[in-house]
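Trainee:
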Amino acid sequence: MIYAPAPDDPRLPPVRINLLSDTQTQPSAAMREAMARAPVGDEQIGADPTVNALCARVADLLGKEAAVFMASGTICNIAATLAHCRAGDEILAHETSHVVSLEGCTHAALGGFQIHPLPGAGGQFSAETLRSALHRPDRHQARQSLVCVEQTTNLGGGTVWNALTLRQIAELARANGLATHMDGARLMNASVASGISPRQIAAGWDSVWIDFSKGLGAPLGAVLAGSRDFIDEVWLWKQRLGGSLRQAGICAAACLYALDHNVGRLAEDHANARLLAAGLSQIDGVSAAPPETNLVYFDVSGAAWSKQAIVDALRARGVLISILSDRLRACTHLDVTPAMIQEALAVIRNVVEGDTTARIGRSAQI
729 MIYAPAPDDP
739 RLPPVRINLL
749 SDTQTQPSAA
759 MREAMARAPV
769 GDEQIGADPT
779 VNALCARVAD
789 LLGKEAAVFM
799 ASGTICNIAA
809 TLAHCRAGDE
819 ILAHETSHVV
829 SLEGCTHAAL
839 GGFQIHPLPG
849 AGGQFSAETL
859 RSALHRPDRH
869 QARQSLVCVE
879 QTTNLGGGTV
889 WNALTLRQIA
899 ELARANGLAT
909 HMDGARLMNA
919 SVASGISPRQ
929 IAAGWDSVWI
939 DFSKGLGAPL
949 GAVLAGSRDF
959 IDEVWLWKQR
969 LGGSLRQAGI
979 CAAACLYALD
989 HNVGRLAEDH
999 ANARLLAAGL
1009 SQIDGVSAAP
1019 PETNLVYFDV
1029 SGAAWSKQAI
1039 VDALRARGVL
1049 ISILSDRLRA
1059 CTHLDVTPAM
1069 IQEALAVIRN
1079 VVEGDTTARI
1089 GRSAQI
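So the sequence shown is numbered by the working numbering: it starts at 729 and just counts up by one.
(1) Determine the closest residue to Arg1077 out of Val1014, Arg744 and Asp1054, with distance taken between C-alpha atoms.
(2) According to the Cβ coordinates, are Val743 and Leu1048 closer than 9 Å?
(3) Run through DSSP, which three-state label would Tyr731 get?
(4) Measuring CA to CA, which of Phe797, Phe940, Ser860 and Cys876 is closest to Asp934?
(5) Give every residue of the same chain whose Cβ lies closer than 6 Å to the Cβ of Tyr985, excluding the five residues on either side of it in the sequence, and list them in chain order.
(6) Name the two residues that bound the continuous alpha helix (DSSP H) containing His1061.
(7) Which residues does DSSP list as the beta-bridge partners of Ala784?
(8) If we call anything under 9 Å between Cβ atoms a contact, is Phe958 one with Gly949?
(9) Check the C-beta distance from Val1064 over to Asn1000 and give it rounded, since I have them as a contact under 8 Å.
(10) Identify whether Ser749 lies in helix, strand or coil by the three-state DSSP scheme.
(11) When DSSP builds the beta bridges, which residues end up paired with Arg968?
(12) Mapping DSSP to helix, strand and coil, what is Ile1011?
(13) Would Pro755 and Pro947 qualify as a contact pair, given that the criterion is a beta-carbon distance under 9 Å?
(14) CB-CB under 6 Å to Arg871, same chain, minus the five flanking residues each way: which ones, in chain order?
(15) Which full runs of the alpha helix (DSSP H) of 4+ residues lie inside the region 904 to 937, going along the chain?
(16) Can you name the start and end residues of the alpha helix (DSSP H) that Ser873 belongs to?
(17) Mapping the DSSP letters down to three states, classify Ser1050 as helix, strand or coil.
(18) Counting only beta-carbon atoms, is Leu952 nearer than 9 Å to chain B?
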């Protein structure tokens, strides 16, 4: 099979340290209890009190008029672009952003949109870069209708967008008649790392969402916010994309619990990421830039292993990481402790420097 996920090899030992992604978090006992106690109703008719409470809270948190509960952040991006744009339009986004690289070309497949990829370091582009990509309305070119940013950046290394840059981009887009959308998959990480409130980060942006299934630890869920008219349009697209979630308060309760208990502690994940990056940089052949948040990208081109060989060797020892683009990635989250970081570093050092059973030569590539 090509597209379906393959189950883990049963011959492998259990995963002891899961650094694959912050999507790997498990709901805590207290979160599960909150889910079990949640009052629920039919979300389809606006009758789920827990969903309604979550949407009202997130709308207020982000300084928007209204919000809608979605199953995932990817669906938020899809519904938002469908609401903002029409077939044949152009979306401007960073060349490594999630909407460009990790959504299966959905925006072209479902909306008929093309994406204009913008360059820039760390998954970010400047207002000047955006300005250079804008053009006057011209029947020979796509109508430019939307600017997207990703907060924090994923393939960009977990970097936090500067608040001034975000404001400049939003103002430039508005002045040229374009709407703005913020993919806030790790917006709460950005808020904790920068000390800037979610409302300030989202200010001036037409639509923005936050994900609850990553560092915040919920099993699923994201909330997309914007004006009342925009959210009304999104509801139409939500129906077209699969409809409501019925008694979704069970899931919304986990998100409310996360807002109450799991936001401030994101600083611990950032500290663990810095600890991991510092340790990785002490291993021969490995280099890691100091992370701004909870994503640690590291280069192993100086080691005697291919990236895939390292991933496989670590998995055989109970440590799970991923390959993204041309680097390895480790992601810290609420189920990873400092002790686990130290243990993971010991395993990685042993694999890269000590164990020669799977070495393939310094020039090998995957």
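We treat Cβ as the ideally placed atom computed from N, Cα and C, and that holds for glycine.
Mentor: Looking at the coordinates:
(1) Val1014
(2) yes
(3) coil
(4) Cys876
(5) Met759 and Ala762
(6) Here His1061 belongs to no alpha helix (DSSP H), and DSSP marks it neither H nor E.
(7) Answer is none; Ala784 lacks a bridge partner.
(8) no
(9) 6 Å
(10) coil
(11) In the DSSP output, where bridge partners are listed per residue, Arg968 has none listed.
(12) coil
(13) yes
(14) Asp817
(15) 915 to 922 and 926 to 930
(16) Per DSSP, Ser873 belongs to no alpha helix (DSSP H); it is in the beta strand (DSSP E), Arg871 to Glu878.
(17) strand
(18) Any reference to chain B falls outside this structure, which holds one protein chain only.
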